[in-house]
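Everything on this sheet refers to the single structure shown next.
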Amino acid sequence: MLLENKVIIVTGATSGIGSATAVEAARQGARVVVAGRRVDKGEEVVGRIRAQGGQALFVRTDVTREAEVEALVTRTVAEYGRLDGAFNNAGIPGPLGKLADIPPAEYRQLMSVNLDSALLCMRHEIPAMKKSGGGAIVNCASILSHVAGPTFGAYVSAKHALLGMTKAAALDYATEGIRVNAVLPGPIETELWSHLEHGDPVFNAFISGVPMQRSARSEEVARPVLFLLSDWATYITGTALTIDGGYTAR
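In this text, residue positions in the sequence shown follow the numbering used here: the first is 1426, and each later residue adds one.
Next comes the structure, spelled out in structure tokens:
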């Protein structure tokens, strides 16, 4: 199995890409730590993993609070003895609007969740991985790490910065056994996009620009994440893996 006996943390794991990644990782032999804020949803994901014979635990975590991130990593190592990989996936979509119209407090909140949380996670994941002999981190960026879109200015700002942070971390730790990569999904069938109905012009604009003419399923993002976390990707670091149905190939 691709991740046999590896210990993997997945943040934002209570729904969407995160929950799909947690479940798929367990199917591939990983012991999975499901992290998120919603206890009921987190325990539901753990239940799905255990029902298929996998190992998992839920740790309630607000990734914008460093003490909770530290506790997440500490609990992981205490429970499973090591940390081999992490998918830093927590994120929010809004606020939407033209940049000059976005309230500063809402902009800072988005940056806290979509950008700063990845730094907090890596601050504690990397030392734990080094003690385990190395590891792999995947940050969930977006095709909006490469391009922009009207009314998505705050989100675009965070995702561009997250990709830069990913590359910088990859270079910082390349000789220390730590690989750091990013996945860049396009439109996904997740709760993050649920505020956009199929009749919404923003949603339609995205889909019309996708050569495959559909949004992705969460599992179609989860599986590339697992590849990057696995020993099949040992020479891949600092890479942005785009998963967008051909959107950015235009």
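For each residue, glycine too, the CB sits at the ideal point set by N, CA and C.
Exclusion of the five residues before and after Val1471 leaves Val1459, Ala1481, Leu1482 and Phe1483 as the residues of its chain whose Cβ lies within less than 7 Å of its Cβ. Boundaries of the alpha helix (DSSP H) harbouring Gln1534: Pro1529 to Met1536, taken from the DSSP string.
A distance below 7 Å between beta-carbons, with the five flanking residues on each side excluded, links Thr1667 to the following residues of its chain, in chain order: Ile1568, Leu1609 and Thr1673. Annotation: the segment 1563-1631 contains the following complete segments of the beta strand (DSSP E) (minimum length 3 residues), in chain order: 1603-1610. In the structure shown, the three-state DSSP call for Val1459 is strand. Contact check for Gly1602 and Val1635: beta-carbon distance about 37 Å, past the 8 Å limit, so the pair fails to qualify. Secondary structure of Val1635 (DSSP, three-state): coil.
Looking at the backbone, the Cα of Ala1593 and that of Ile1562 are separated by about 13 Å. When Cβ pairs closer than 8 Å are counted between the two stretches, the segment 1525-1536 is seen not to touch the segment 1502-1509, the count staying below three. In the DSSP assignment, Ala1481 forms a beta bridge with Val1457.
In this structure, the beta-carbon distance from Arg1452 to Val1432 does not fall below 7 Å. The C-beta distance from Asn1564 to Ala1607 rounds to 5 Å, short enough to fall under 8 Å.
Under a 10 Å Cβ-count criterion, Lys1523 is classified as exposed, with fewer than 16 other Cβ atoms of the shown protein chains found around its own Cβ. Thr1591 counts as buried, since at least 16 other C-beta atoms from the protein chains shown sit within 10 angstroms of its C-beta.
The three-state secondary structure of Ala1438, taken from DSSP, is coil. For Gly1472, the enclosing alpha helix (DSSP H) begins and ends at Val1464 to Ala1476.
With a cut-off of 8 Å on Cβ pairs, the segment 1543-1552 is not in contact with the segment 1644-1660, counting fewer than three such pairs. For Leu1666, the three-state secondary structure derived from DSSP is strand.
Sixteen is the threshold: when 16 or more other Cβ atoms of the shown chains lie within 10 Å of the Cβ of Lys1584, as they do, the residue is buried. From the listed residues Tyr1598, Ser1570, Leu1535 and Ser1633, the smallest Cα separation to Gly1560 is found for Tyr1598.
Here the alpha carbons of Ala1525 and Ser1440 stand approximately 31 Å from one another. Our two residues, Pro1649 and Arg1639, have alpha carbons roughly 18 Å apart in a direct line.
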